[in-house]
Amino acid sequence: MAGISFITHKGVKLLYEDVSQSKADDILAFIQGAKAIIASQPKNSVLALVNVKDASFDTTITSALKDFMKANAPYIKCAAVYGVDGMKEIVFRGILTVTGRKNLILCKTLEEGKDYLANQK
C-alpha cells in the first residue's frame, strides 16, 4: 500500500514517498494525497525520497506522474528516486525531459538516497 510520511535522517527532515509494490489504482490515489501534502510545505524546501521498487506503471501512471512532477516542482528542493530499473528508467528519463526537472537523481539504495538528500540541506 502506498504511503507518505516525514522521516529524519542525520538530523534532516525528508519526505518519504513509498509506492513500492503498489498497483496503478493505489498509485493514482497516492498522487492525489501527496500533492496536497507537498503543496502545504514552503517552496523549495522539500527533500523527497521516493521508493518505486516493483511498482506497477502504465501510460495512465506515466501521464499522472508528469502532472504530479510539474505540480510539485516549486516545492521540491531535491529528490532521490529508488527502484527505477529497466523500462521504468526510460520512462523516468522521458518524464524528466518533458517536465524540465533537474533536481532529481536515481539512487541504487534507499540509504544512498537518504545520505544524498541529507547533504542537500
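Its first residue numbered 0, the sequence shown is counted upward by one per residue in numbering that gives the first Met the number 0.
Idealized CB from N, CA, C, for every residue including glycine.
Remember, it's a predicted structure, so these values are computed and weren't measured experimentally.
task: State the Cα-Cα distance for the pair G10 and A117, rounded to the nearest angstrom.
output: The sequence position of residue 10 within the sequence shown is 11, counting from 1. The sequence position of residue 117 within the sequence shown is 118, counting from 1. Distance between the alpha carbons of G10 and A117 is about 8 Å.
field: Where K120 falls, given that 16 or more other Cβ within 10 Å makes a residue buried
entry: For the purposes of this step, residue 120 is identified with residue 121 of the sequence shown, where counting begins at 1. Classification of K120: exposed, given that the 10 Å Cβ count is below 16.
field: Proximity below 8 Å, CB of L64 to CB of L14
entry: Here residue 64 refers to the residue found at position 65 when the sequence shown is read from its first residue. Here residue 14 refers to the residue found at position 15 when the sequence shown is read from its first residue. For the 8 Å CB-CB criterion, L64 and L14 do not form a contact.
- request: For Y115, name the three-state secondary structure that DSSP assigns.
  value: Residue mapping note: residue 115 aligns to position 116 of the sequence shown, counting from 1. Helix, per DSSP.
- prompt: C77: which of V51, L105, M86 sits nearest, CA to CA?
  reply: Numbered from its first residue, the sequence shown carries residue 77 at position 78. Nearest to C77 by C-alpha distance, out of V51, L105, M86, is L105.
query: Can you pull the DSSP bridge partners for I6?
result: For the purposes of this step, residue 6 is identified with residue 7 of the sequence shown, where counting begins at 1. I6 pairs with L13.
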